[in-house]
Amino acid sequence: MTESLKIVRINPRKNKREQTSYNWKKHLNAFELGRTSIVPAAAFSQSLLRDFNEMIKPGIRVEVRLHDYDANTNGVETRWFGIIEKVAGLRVLVEWLGCTSKVWLHSLTDDIHFVGSCAKMDSNELKCAYVPPVSMDPAFRSDLPGFIAVSIIFIKETTQNNAKLQQCVDTAVVGGRGLTKQYEKHRKSIFKTKFRVGQRLELLNYNLSTELRVARIKEMVGRRMNVLVTEEDYPGDLPDDEDRQLANNKDQYWIDQDSFFVFPVGFAAVNGYKIVANKEYLSHTKKIAHAMANGKTPRYHPDDISFEDAERDVPPGEFHDLVVSSILDFCVTDGYFIVGMDGPDAKSDSFPMHINNLFMFPVGYAEKYRLKLTKPEGFKGKFVWDKYLEAEKAEPIPFDAFKPMPSKDRLKMFQVGSHLEAADMCENQFICPATIKSVHGRLVNVHFDGWDSAFDELYDIDSHDILPIGWCELHNYELQEPKKSN
Numbered sequence: 033m034t035e036s037l038k039i040v041r042i043n044p045r046k047n048k049r050e051q052t053s054y055n056w057k058k059h060l061n062a063f064e065l066g067r068t069s070i071v072p073a074a075a076f077s078q079s080l081l082r083d084f085n086e087m088i089k090p091g092i093r094v095e096v097r098l099h100d101y102d103a104n105t106n107g108v109e110t111r112w113f114g115i116i117e118k119v120a121g122l123r124v125l126v127e128w129l130g131c132t133s134k135v136w137l138h139s140l141t142d143d144i145h146f147v148g149s150c151a152k153m154d155s156n157e158l159k160c161a162y163v164p165p166v167s168m169d170p171a172f173r174s175d176l177p178g179f180i181a182v183s184i185i186f187i188k189e190t191t192q193n194n195a196k197l198q199q200c201v202d203t204a205v206v207g208g209r210g211l212t213k214q215y216e217k218h219r220k221s222i223f224k225t226k227f228r229v230g231q232r233l234e235l236l237n238y239n240l241s242t243e244l245r246v247a248r249i250k251e252m253v254g255r256r257m258n259v260l261v262t263e264e265d266y267p268g269d270l271p272d273d274e275d276r277q278l279a280n281n282k283d284q285y286w287i288d289q290d291s292f293f294v295f296p297v298g299f300a301a302v303n304g305y306k307i308v309a310n311k312e313y314l315s316h317t318k319k320i321a322h323a324m325a326n327g328k329t330p331r332y333h334p335d336d337i338s339f340e341d342a343e344r345d346v347p348p349g350e351f352h353d354l355v356v357s358s359i360l361d362f363c364v365t366d367g368y369f370i371v372g373m374d375g376p377d378a379k380s381d382s383f384p385m386h387i388n389n390l391f392m393f394p395v396g397y398a399e400k401y402r403l404k405l406t407k408p409e410g411f412k413g414k415f416v417w418d419k420y421l422e423a424e425k426a427e428p429i430p431f432d433a434f435k436p437m438p439s440k441d442r443l444k445m446f447q448v449g450s451h452l453e454a455a456d457m458c459e460n461q462f463i464c465p466a467t468i469k470s471v472h473g474r475l476v477n478v479h480f481d482g483w484d485s486a487f488d489e490l491y492d493i494d495s496h497d498i499l500p501i502g503w504c505e506l507h508n509y510e511l512q513e514p515k516k517s518n
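Right under this line is the structure:
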């Protein structure tokens, strides 16, 4: 069984429950043997704040720090060369140059470098040396200190002549593509987010979609942020209930930074939407709305997320089926409109939505891709779109108004039975190991490993709630164990 090494992170975030976080070791070994499939990282839509898909590919040569000799090198970092053989999510299978032994590494670990980076270190003091891994020759195990001493002497001699050392490196990796310097530059910036802890925004109430509330960012992990309604902006004391969006006890409400639940400060005032906020906030956003109505640049508080910062928002709840819906009204803010699910409660259950959302599909999509379409409440008999539109004197939204379908090559990356990590849409603080159960156009039906099929959820392939394996590991975020049957 090929060893799977832990990630070495730049990110200092601590996770008290790291030891309980699920790992993908058995799936990685099955993938190596061709017995299972894993959704490639290239299939996802910006699951990271930087795109590494063109840098991390099979056949790429890398330089990897070894930890075989840490106890014997007196602080000198040892490295060797490898070739990426397979890519599984954010994990890569690397074969060492000079032998057939392999190792599973996280593609964004601090232990991976571009080829030659060790040789290019500008220092009079030896800090790095190229040393083969122990697995290259069993004889190394009998005298590690002696082997390391000889290797370091060799490196010290060759550093006097950098050309000779560079020739050694070039010889080791000749004939192949190497990891670029840009990789390390981008890797150091993957934790730089467009928002920050402490900023405030307007958050769609997941229990009452016709209402927004002022919320604050309490924590950020990669693209995901824990957003809660606090007493600081609330009109009076927070209700003492089980609302997960309220900053009571240890509640968490995790969403992506581009979530459709997120609205800029002033959205409610500009669009005449209901918002729960204190008098100070209402007065502040009234001035923002007045400035925008008069073509002026509004004044924001330093902690405000402005219209330029935020772009979208979302319908609440789980996503199991498609529902017959209509546009009820258009917002003042460009690109936004109010959507209601057809039926007697259309207005009371309506919510604001952006034209670029991932939750809206053209008429006939459910039938074409074998999905259940929920009929309007109170509708009797068989539902047929043409007859329904005629009876309602309504028109379908033109097909070209929707997001274009992804390329066939990308859609093929989402294979039934492939593994990934997925955030639960109901309990969104939980990210779970999951498997693709079926594919319906641009929607994938995701099964949470170990759970009953009643908990399956539909995700657009551009959703930021589905992630490549290794995402939780990268951000030191707990990956839930699959549910075990009694």
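Here the working numbering = 1-based position in the sequence shown + 32. Glycine residues also receive a C-beta, built at the ideal position from the N, C-alpha and C atoms. None of these values were measured; they are calculated from a predicted model.
Check: Taking contact to mean at least 3 C-beta pairs separated by less than 8 Å, is the stretch 310-318 in contact with the stretch 248-260?
Finding: Short answer: they don't touch.
Item checked: Sheet register partners of Thr467 (DSSP bridge) -> Paired residues: His451, His479.
Item checked: Test item: CB-CB of Ile501 and Gly121 under 8 Å -> Their beta carbons are under 8 Å apart, which means Ile501 touches Gly121 by this criterion.
Item checked: Nearest neighbour of His451, chosen from Lys440, Asn477, Glu264 [CA to CA] -> In this structure, Asn477 is the residue among Lys440, Asn477, Glu264 with its C-alpha nearest to the C-alpha of His451.
Checklist line | C-alpha gap between Leu158 and His145, whole angstroms | finding: Each residue's Cα considered, the two are about 18 Å apart.
Check: Assuming Asp336 and Arg442 make a contact with CB atoms under 8 Å, what is their CB distance in whole Å?
Finding: At roughly 36 Å, the Cβ-Cβ gap does not stay under 8 Å, so Asp336 and Arg442 are not in contact.
Item checked: Counted within 10 angstroms of its Cβ, other Cβ atoms place His138 as buried (16 or more) or exposed -> His138 counts as buried, since at least 16 other C-beta atoms from the protein chains shown sit within 10 angstroms of its C-beta.
Check: Which class does Cys504 belong to by DSSP, given the choice of helix, strand or coil?
Finding: Reduced to three states, the DSSP call for Cys504 is helix.
Item checked: Glu513 to Glu251 span [Cα, whole Å] -> Taking the straight line joining both Cα atoms gives about 23 Å.
Next item on the list: Indicate whether Trp128 and Ser36 have their beta-carbon atoms separated by less than 8 Å.
Entry: The answer is no: Cβ separation not under 8 Å.
Notebook entry, point to check: What are the boundary residues of the beta strand (DSSP E) that includes Glu251?
Noted result: Note, Glu251: beta strand (DSSP E), 243-253.
Notebook entry, point to check: Exposed or buried, Ala433, counting other C-beta atoms within 10 Å across all chains shown (16 or more means buried)?
Noted result: Ala433 comes out exposed.
Next item on the list: Note down the Cα distance separating Val346 from Val294, rounded to an integer number of angstroms.
Entry: Model confidence at Val346 stands at a pLDDT of 37, short of 50, so the residue's coordinates are unreliable; what they give is reported in the following sentence. Rounded to the nearest whole angstrom, the CA to CA distance from Val346 to Val294 is 8 Å.
Next item on the list: With a threshold of 16 other CB atoms inside 10 Å of the CB of Gly372, please say whether the residue is buried or exposed.
Entry: With 16 or more Cβ atoms within 10 Å of its Cβ, Gly372 is classed as buried.
Item checked: Cβ contact check for the stretch 268-277 and the stretch 322-331: 3 or more pairs under 8 Å -> No contact exists between the stretch 268-277 and the stretch 322-331.
Notebook entry, point to check: If you scan the stretch 398-433 from start to end, which runs of the alpha helix (DSSP H) of 4 or more residues do you find wholly inside it?
Noted result: Runs found: 417-424.
Check: Would DSSP call Ala120 helix, strand or coil?
Finding: Of the three classes helix, strand and coil, the one that applies to Ala120 here is strand, per DSSP.
Checklist line | Unbroken beta strand (DSSP E) run spanning Arg93, endpoints | finding: That run of the beta strand (DSSP E) goes 93-98.
Notebook entry, point to check: So who's on the other strand from Gly372, going by DSSP bridges?
Noted result: Looking at the DSSP assignment, Gly372 forms a beta bridge with Ser358.
Next item on the list: Work out the CA separation of Tyr54 and Asn508 for me, nearest whole Å.
Entry: The C-alpha of Tyr54 is placed about 11 Å away from the C-alpha of Asn508.
Notebook entry, point to check: For the candidate residues Asp283, Lys444, Thr262, whose alpha-carbon lies nearest to that of Phe462?
Noted result: That would be Asp283, whose Cα lies nearest to the Cα of Phe462.
Next item on the list: Would you list the one or two residues that DSSP bridges to Tyr215?
Entry: According to DSSP, Tyr215 bridges with nothing at all.
Checklist line | the stretch 209-218 in contact with the stretch 84-93 per 3-pair CB rule at 8 Å | finding: Contact between the stretch 209-218 and the stretch 84-93 is present, because at least three Cβ pairs lie under 8 Å.
Check: When DSSP labels each residue in this structure, what does Ala279 get in the three-state scheme?
Finding: It is coil, neither helix nor strand.
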